[in-house]
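In what follows, a structure is listed as structure tokens, so that the remarks can point back to it.
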């Protein structure tokens, strides 16, 4: 075997396992890879957060007056593993939670605000900018 081939194999023996370990590393502090919305408008979502009064209960970065203390702060929500401690954090689940939280967790403090499908998509898009 040539020296060049031997050197390449030796390098691969070191680099490939290291790349595998890095690629499989668990996120820190229970964080999931950041979620990204594929539907909805983040700018409109910010407006809908104000319209529906989400900041009455939640602290939401970037939304004036959104400093509520009833629900959890929504900073870095795109990096969290779960929504409401029950649902895997995904665009579909976030949309579902915003539209009908009582169907997901009956008796939750999160009220059903009558959020439309489009408004929920837009709110989700804004929330997923919070990384």
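In the numbering used here, the protein residues as written are 66 to 196.
Glycine included, every Cβ here is placed at the ideal spot set by N, Cα and C.
Excluding five sequence neighbours on each side, which residues of the same chain lie with their C-beta closer than 6 Å to the C-beta of residue 163? 180, 185, 188
Give the straight-line distance between the Cα atoms of residue 87 and residue 145, rounded to the nearest whole angstrom. Per-residue confidence for residue 87 stands at a pLDDT of 35, beneath the threshold of 50, marking its modelled position as unreliable; no derived number is given.
Specify the secondary structure class of residue 196 as computed by DSSP and reduced to three states. coil
How far does the alpha helix (DSSP H) with residue 112 in it reach, from first residue to last? 107 to 116
Please say whether residue 190 and residue 127 have beta carbons closer to each other than 8 Å? no
Within its chain, find whatever has a CB closer than 8 Å to the CB of residue 196; leave out the 5 residues flanking it on each side and keep chain order. 99, 141, 143, 144
Grouping DSSP H, G and I as helix and E and B as strand, with all else coil, what is residue 86? Residue placement at residue 86 is poorly supported in this model, since its pLDDT is 36, which falls under 50; the coordinates are not used for a value here.
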